[in-house]
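Counting the sequence shown from 1 gives a position; our numbering is that position plus 3. The beta carbon of each residue, even a glycine, is placed where N, CA and C say it ideally should be. Notes follow once the structure below has been shown.
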Amino acid sequence: MEEMRLNKYLSDAGVCSRREADRLIEAGKVLVDGVPAVMGRKVDGTESIVCDGVRVNGRKKEKKVLLAVNKPRGIVCTTSDKDRAENIVEFLRYPTRIYPIGRLDKDSSGLILMTNEGDIVNKILRGSNNHEKEYMVRVNRPLTEEFLERMRNGVEILDTVTKPCTVEKTGSYTFRIILTQGLNRQIRRMCDALGYRVVSLKRVRIMNIRLGDLPTGSYREVTGKEWEELNRLLAGSSNRPGGAEKVEVSGGAVRREQPGGADRAGVSGRAARRETSGGADRAGVFRHGELAGAPRRTDRKQSSRRSGQAESSEKTSGGEKRIFRTPMRRYEEPQEGQERRNVFHRKKD
Numbered sequence: 004m005e006e007m008r009l010n011k012y013l014s015d016a017g018v019c020s021r022r023e024a025d026r027l028i029e030a031g032k033v034l035v036d037g038v039p040a041v042m043g044r045k046v047d048g049t050e051s052i053v054c055d056g057v058r059v060n061g062r063k064k065e066k067k068v069l070l071a072v073n074k075p076r077g078i079v080c081t082t083s084d085k086d087r088a089e090n091i092v093e094f095l096r097y098p099t100r101i102y103p104i105g106r107l108d109k110d111s112s113g114l115i116l117m118t119n120e121g122d123i124v125n126k127i128l129r130g131s132n133n134h135e136k137e138y139m140v141r142v143n144r145p146l147t148e149e150f151l152e153r154m155r156n157g158v159e160i161l162d163t164v165t166k167p168c169t170v171e172k173t174g175s176y177t178f179r180i181i182l183t184q185g186l187n188r189q190i191r192r193m194c195d196a197l198g199y200r201v202v203s204l205k206r207v208r209i210m211n212i213r214l215g216d217l218p219t220g221s222y223r224e225v226t227g228k229e230w231e232e233l234n235r236l237l238a239g240s241s242n243r244p245g246g247a248e249k250v251e252v253s254g255g256a257v258r259r260e261q262p263g264g265a266d267r268a269g270v271s272g273r274a275a276r277r278e279t280s281g282g283a284d285r286a287g288v289f290r291h292g293e294l295a296g297a298p299r300r301t302d303r304k305q306s307s308r309r310s311g312q313a314e315s316s317e318k319t320s321g322g323e324k325r326i327f328r329t330p331m332r333r334y335e336e337p338q339e340g341q342e343r344r345n346v347f348h349r350k351k352d
């Protein structure tokens with residue numbers, strides 16, 4: 004085969020996304036012929052490649068998997084060693100190695116997609132592809148038209164101004180918001196900058212994939228017409244990592260430009276951060292707005308048996324959807340500010 008960058012090789016092999024591959028390479032967890040790889044390394048498949056202790060080359064590529072998961076609060080989407088909370092991969096215990104597409108922060112719930120196909124990850128996450136993500140949000144005090152208008156037009160956070168978005172009031176304290184970008188904890192920071200605090204945040208849609216009535220803590224496979232429509236929407240999307248729109252504030256003026264370089268882990272500068280609305284908190288600068296009256300604040304048939312999961316199906320207009328649950332687990336939705344009470348019923352040693 005022709006030479007390709009190591010991160011793309013790992014992505015094509017279904018090991019992880021390119022971005023995650025970069026993180027593993029930087030952490031020294033990828034070996035090529037027994038030597039820790041460096042960023043930008045190219046391979047042709049004849050080398051001995053080990054990623055995080057697992058031999059990669061020579062493996063038969065697995066069937067593409069895409070899951071829609073209803074993540075409970077209290078579960079994190081990052082799989083780094085520093086996170087002590089249970090992560091989404093451990094929570095699902097899916098028999099095939101999969102990883103999340105983007106993030107949904109620990110205090111948020113709702114739809115997250117998981118896959119073993121790196122190309123899909125890059126196409127969905129790249130900011131310049133403008134793919135929609137929809138959320139339902141509850142805040143701590145009554146909404147005003149001024150707040151809604153400011154949210155729609157863009158809010159100054161993280162040394163940038165958020166892109167215009169759709170915001171619809173659904174109740175005195177609740178609203179629906181549709182984003183086409185994914186800055187770090189974006190919705191929470193936007194509300195915070197305008198003097199509001201997010202009480203609950205739930206993602207209900209990513210592109211054409213909807214959460215619907217999928218039970219909390221369960222997942223279903225994306226197949227059939229839903230899969231076909233997703234691929235149609237992704238057909239014109241770039242799969243190169245990065246490409247987040249750069250938006251800067253200078254002297255009160257807003258300037259937007261499209262950077263040429265990839266926005267990967269380890270890239271410095273003022274480029275807008277490309278994560279989903281959740282994600283682990285990182286140091287960042289954002290300024291509070293001056294909103295009037297706002298207080299200033301600082302179909303796998305064997306998978307069910309192999310993973311100990313129960314499977315059920317529901318008839319829908321689009322056909323039968325298979326839903327998976329884990330009977331060995333139970334969880335209680337935590338109150339705001341509390342950890343999720345878990346979960347495991349294990350046999351005593």
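Nearest-angstrom Cβ-Cβ length linking residue i and residue j, presumed shorter than 8 Å
i: R129; j: S14; result: At roughly 14 Å, the Cβ-Cβ gap does not stay under 8 Å, so R129 and S14 are not in contact.
i: Y102; j: S20; result: 6 Å
i: R8; j: G37; result: Not confirmed; about 20 Å, so no contact.
i: L197; j: R153; result: 6 Å
i: Y176; j: A71; result: Incorrect: roughly 28 Å between the Cβ atoms, too far for contact.
i: L182; j: K109; result: About 19 Å; that fails the 8 Å criterion.
i: M193; j: T165; result: 6 Å
i: I180; j: T169; result: 7 Å
i: V46; j: N119; result: Going by Cβ atoms, the distance from V46 to N119 rounds to 20 Å, so no, they are not a contact pair.
i: V59; j: A16; result: 6 Å
i: L146; j: K126; result: 34 Å between Cβ atoms; not a contact.
Per DSSP, the bridge partner or partners of residue i
i: G113; result: K74 and R206
i: P39; result: L34
i: V59; result: In the DSSP output, where bridge partners are listed per residue, V59 has none listed.
i: F178; result: V140 and K172
i: R96; result: Answer is none; R96 lacks a bridge partner.
i: M7; result: V46
i: E231; result: Answer is none; E231 lacks a bridge partner.
i: G69; result: In the sequence as displayed, the identity of residue 69 is Leu instead of Gly. Answer by DSSP bridge pairing, in chain order: T118.
i: Y102; result: T118
i: N90; result: V79
i: V201; result: V142
i: E159; result: V164
i: V53; result: L34 and R58
Sequence-distant residues of the same chain with beta carbon closer than 6 Å to residue i, five excluded per side
i: Y199; result: V142
i: R191; result: V201
i: S51; result: D36
i: E231; result: none
i: R208; result: E137
i: S203; result: R141
i: K205; result: S112, G113 and M139
i: Y12; result: V46
Spatial neighbours of residue i in its chain, beta-carbon cut-off 8 Å, leaving aside the 5 residues before and after
i: G31; result: P39
i: L236; result: H134, M210 and N211
i: P167; result: R155, N156 and G157
i: E5; result: D47
Same chain, Cβ closer than 7 Å to residue i, neighbours up to 5 away in sequence not counted
i: K74; result: I91, L107, S112, G113 and I115
i: F94; result: I78
i: D216; result: none
i: D55; result: L27 and K32
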